[in-house]
Amino acid sequence: MSFTHETTVPATPQAVVATLTDEAFVRAALADLGAEVREVSVEGTTTRARYSVATQGIPQAFAKFVGDRVEVTDVRTWTVEGDGATGTVLVTTTLFGRDVKLEGQRRITGSTTITSTGRSHVDAPFVGRKAEGAVDELAVVVLKKEAGTLAARLG
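Under the numbering used here, the first residue of the sequence shown is numbered 95, with each subsequent residue one higher.
See below:
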């Protein structure tokens, strides 16, 4: 499965990357998501966060197997290039006792449009494809929340 999300924010790509890699912003974005933060670290343009998030909003078929919260590790790395920037995202968790991996790419253009694309993989026979669809839907929800937090911060 795969997902795409696009948003525009009122700032330069350099300001966007500086904000996305600021520990206070990462914590604020996670708080807006309703996450319980375990750890956030920033090294240069790489952020690493470990947190738990409520499973509220995931399809009922999966919710009964997952429980109330899920533990997540989220690593994002940015590279500023000329009048834009690119980023990679790796989000991992365990669902149904199986590994879940979401890999994504992000691109910030000079007009400060952030385009995010990605693909999830759930290592689960029979339900993997459906679970991947649910993970991709949740990724878009997270990106929309982050976009709101980012716009408010840069506004």
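For every residue, glycine included, the Cβ atom is placed at its ideal position computed from N, Cα and C. Small disclaimer: the values here were computed from a predicted structure and weren't measured.
{"Check": "So for D126, helix, strand or coil by DSSP?", "Outcome": "helix"}
{"Check": "Assuming A179 is part of the beta strand (DSSP E), what are its boundary residues?", "Outcome": "G178 to L189"}
{"Check": "Give the straight-line distance between the Cα atoms of A125 and V131, rounded to the nearest whole angstrom.", "Outcome": "8 Å"}
{"Check": "If we ignore side chains and look at the alpha-carbon of each, how far apart do V216 and E226 end up?", "Outcome": "6 Å"}
{"Check": "How far does the beta strand (DSSP E) with G204 in it extend, from its first residue to its last?", "Outcome": "Note, G204: premise wrong, no beta strand (DSSP E); not H, not E."}
{"Check": "Span of the alpha helix (DSSP H) holding T243?", "Outcome": "G222 to L248"}
{"Check": "Do you know how far the Cα of A105 is from the Cα of G176?", "Outcome": "15 Å"}
{"Check": "Just to confirm before moving on: does the CB-CB distance between V110 and L237 stay below 9 Å?", "Outcome": "no"}
{"Check": "Could you name the residues that DSSP lists as bridge partners for A83?", "Outcome": "The question about residue 83 has no answer, for the chain in this structure spans 95 to 249."}
{"Check": "Determine the DSSP secondary structure at A118, reduced to helix, strand or coil.", "Outcome": "helix"}
{"Check": "Quick check: what's the CA-CA separation for G145 versus S205?", "Outcome": "Position check: residue 145 holds Tyr in this sequence, whereas Gly was assumed. Near 32 Å, if we compare the C-alpha coordinates of S205 and Y145."}
{"Check": "Name the DSSP bridge partner or partners of A148?", "Outcome": "R163"}
{"Check": "Based on Cα-Cα distance, which residue from R192, P107, T186 and A245 lies nearest to A233?", "Outcome": "T186"}
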